[in-house]
Amino acid sequence: MQRLQVLKETFSGLDAVQQQLAICSAVAAGGILAYLMLRRREVKSIPLGEGWWGAGEKPLLEDDKVYPFKVQTSDEEIKDLHERIDRARYSDALEDGGFHYGFNSTHLKKVVSYWRHEFDWKIQVSVLNKYPHFKTKIEGLDVHFIHVRPPHRENQKVLPLMLVHGWPGSFYEFYKILPLLTENQDGLAFEVICPSIPGYGFSDAPRKQGFDSLATARVFLTLMERLGFSQFYLQGGDWGSLITTNMAQMKPQCVKGLHLNMLNSTRGFKVLMSLMIGPYLPFLVGLNREDVRRLFPFFEKNVWEILRESGYFHIQATKPDTAGCGVNDSPVGLAAYIMEKFSSWTDLSNRNLMDGGLERKFSLDDLLTNVMIYWTTGSIVSSMRFYKENLKSNPNNRIDAKTGIFVPTGLAAFPHELMHCPKSWARIRYRNIYSYTFMPRGGHFAAFEEPQLLADDIIQFVKKVEK
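Under the numbering used here, residues -18 to 448 are what the sequence shown spells out, in order.
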């Protein structure tokens, strides 16, 4: 009471202007305190959940051992492929159509001829097996992964890092970046784990409905725990970006850092203001010149272009089994369906070219090896279902969409990524951004296209976190 009386007398002794200043200061302090209290109460993790995705009922015990695995092939498998290729039926390409209508059938014949007569799957299998492969059963699924350790060196700090692919990629996307990450970089090297998303490649396909990115995140967290890692780094693009983000939301205490080369944050008042003011006064809404160049005109670059490139998305998010039936049965159809994405998603201007610019960044051997991973495992349909499982309901209403990400985050913005997300937008969800890099070149398949650029950005991000 005595303190209140002193405050009252002190306030009464102030003139009108001083009283107003005191009131404003108190209100501001109260607002800041309320904001800090709100941030303290903000949810910083999401539930792990549980699941069982194998056939039938969940057993009482599940084998948790890790087993070596080797990619194999046979003469019968190759003979069947060649017979199907020989029976392929092509449509006539439109004159000067480039890749605007999809994979140009004139160039497709050339690619398929190389596949049939020059591509050697047995050699590529030996390439795949140059890194150690493993499988382990998690939630009823055999989960495939490669595990690459760096060469032993004195005074070397080794950090575990998981790389997660997307669609229509595979673990093979990372084969060129692996030696860059496992070699010594100023006393730092990575022990790398590259899993196959369940339903992709050599991982089992879920037998039950509902296997989405949250379930995948939980499975991959179990994998890291099973391998003995209590803390680790994560990197992802495409679906890998969402999966690793979910991992960081589920167990932030385990994720030392999260590095992404694709992200999307297009909701909220800040984004709306950026779209209205950004083209004219970008500095007022946290944009710089490069953001403006990549974003605007917004409707042309981020609405119409996405509509032109997302037909597959709507099919796979609604009736994946129907569309998948054809490409699962026809190797030529599968190659066209998958490889077209490696054309346009690498650089949209490739649509103007009769060969789709495929060999500007990739070799046919590399592209066809990725296709063969889908073909030999029969996993294209289950990989397409991942869209359906994640988009059965409004993704903005999911718990992960309403929860921030608080682990140290590094973002690599490649200029030919399908959508650009400025740093100011990324901060809406990712609350602890350590690095944001405008990459000088490259598109959607960063590790496959520009392994050195991506490796350098991962390394500089991790060094910042470690300091």
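Beta carbons are placed, not taken as given, at the ideal position from N, Cα and C, and that holds for glycine. Bear in mind the structure is a predicted one, so any value in this text is a computation, not a measurement.
If you run the structure through DSSP and keep just helix, strand and coil, what is residue i?
i, result
"K383", "helix"
"K449", "Because residue 449 is not part of the residues shown, which for the chain are -18 to 448, the question remains open."
"E430", "helix"
"N333", "helix"
"A436", "helix"
"M228", "helix"
"Y261", "coil"
"S222", "helix"
"P233", "coil"
"L256", "helix"
"F183", "coil"
"G192", "Correcting the residue type first, residue 192 is Phe in the shown sequence and not Gly. DSSP places F192 in coil when its eight states are reduced to three."
"H240", "strand"
"F442", "helix"
"T418", "strand"
"L208", "coil"
"F280", "helix"
"V460", "Residue 460 falls outside the range modelled here, since the chain spans only -18 to 448, and no answer is possible."
"V47", "strand"
"V52", "coil"
"L288", "helix"
"L29", "coil"
"L144", "strand"
"L268", "coil"
"Y16", "Reliability of the predicted coordinates at Y16 is poor, the pLDDT of 42 falling under 50, and the value obtained from them is presented with this limitation in mind. Correct three-state label for Y16: helix."
"A10", "At A10, the pLDDT of 41 sits below 50, so the modelled position is not reliable and the matter cannot be decided from this model."
"I4", "With a pLDDT of only 44 at I4, under 50, the local geometry of the prediction cannot be trusted, and the value read off the model is given with reservation. Of the three classes helix, strand and coil, the one that applies to I4 here is helix, per DSSP."
"L62", "helix"
My understanding is that residue i touches residue j, with C-beta atoms under 8 angstroms, so please give their C-beta distance in whole angstroms.
i, j, result
"S102", "M353", "For the record, residue 102 in the displayed sequence is Trp; it is not Ser. Confirmed, about 6 angstroms."
"L239", "L223", "Wrong, their Cβ atoms sit about 12 angstroms apart, outside the cutoff."
"L75", "Y82", "6 angstroms"
"K237", "V446", "6 angstroms"
"Y417", "A407", "7 angstroms"
"R275", "P187", "With a Cβ gap of about 36 angstroms, R275 and P187 do not count as contacting."
"I119", "V200", "5 angstroms"
"A394", "F419", "5 angstroms"
"A69", "V93", "7 angstroms"
"I439", "L162", "7 angstroms"
"V266", "S405", "7 angstroms"
"G182", "S360", "6 angstroms"
"E286", "L329", "7 angstroms"
"A304", "F84", "The Cβ separation is near 15 angstroms, so there is no contact."
Below 8 angstroms between beta carbons: does that hold for residue i and residue j?
i, j, result
"W326", "F426", "yes"
"R130", "N165", "no"
"I414", "L392", "yes"
"I127", "H146", "no"
"F100", "L339", "no"
"M143", "M205", "yes"
"L208", "M228", "no"
"V124", "K116", "yes"
"Q297", "K369", "yes"
"D185", "L122", "yes"
"S374", "Q230", "no"
"K448", "L169", "no"
"L219", "G150", "The question names Leu, yet the displayed sequence has Asp at residue 219. Contact: yes."
"S86", "D77", "no"
"G337", "F171", "no"
"P141", "F213", "yes"
"Y95", "L345", "yes"
If we cut at 8 angstroms on Cβ distances, does residue i have a partner in chain B?
i, result
"D438", "Included in the structure is just one protein chain, with no chain B present."
**Prompt:** Per the contact definition of three or more C-beta pairs closer than 8 angstroms, is the region 175 to 186 in contact with the region 378 to 392?
**Reply:** no
**Request:** Determine, using beta-carbon pairs with one atom in the region 33 to 41 and one in the region 181 to 199, whether at least three such pairs fall under 8 angstroms.
**Result:** yes
**Message:** I'd like the ranges of any beta strand (DSSP E) spanning at least 3 consecutive residues and lying wholly in the region 150 to 178.
**Reply:** 169 to 176
**the region 428 to 437 / the region 140 to 156 touching (three or more Cβ pairs under 8 angstroms)** = yes
**Item:** Length-filtered (4 minimum) alpha helix (DSSP H) runs lying within the region 65 to 133
**Value:** 86 to 98, 102 to 109
**Prompt:** Mind pulling the beta strand (DSSP E) runs of 3 or more residues that sit fully within the region 291 to 340?
**Reply:** none
**Message:** So within the region 335 to 416, which uninterrupted alpha helix (DSSP H) runs reach at least 4 residues, ignoring any that extend past its ends?
**Reply:** 339 to 342, 345 to 358, 361 to 371, 404 to 407
**Message:** Pairs of beta-carbons, one from the region 64 to 71 and one from the region 43 to 55, closer than 8 angstroms: are there three or more?
**Reply:** no
**Item:** Contact between the region 384 to 400 and the region 254 to 267 (3+ Cβ pairs under 8 angstroms)
**Value:** no
**Prompt:** Can you find at least 3 beta carbon pairs, one from the region 316 to 331 and one from the region 363 to 374, that sit closer than 8 angstroms?
**Reply:** no
**Request:** Pair every Cβ in the region 394 to 401 with every Cβ in the region 276 to 293, then say whether three or more of these pairs are closer than 8 angstroms.
**Result:** yes
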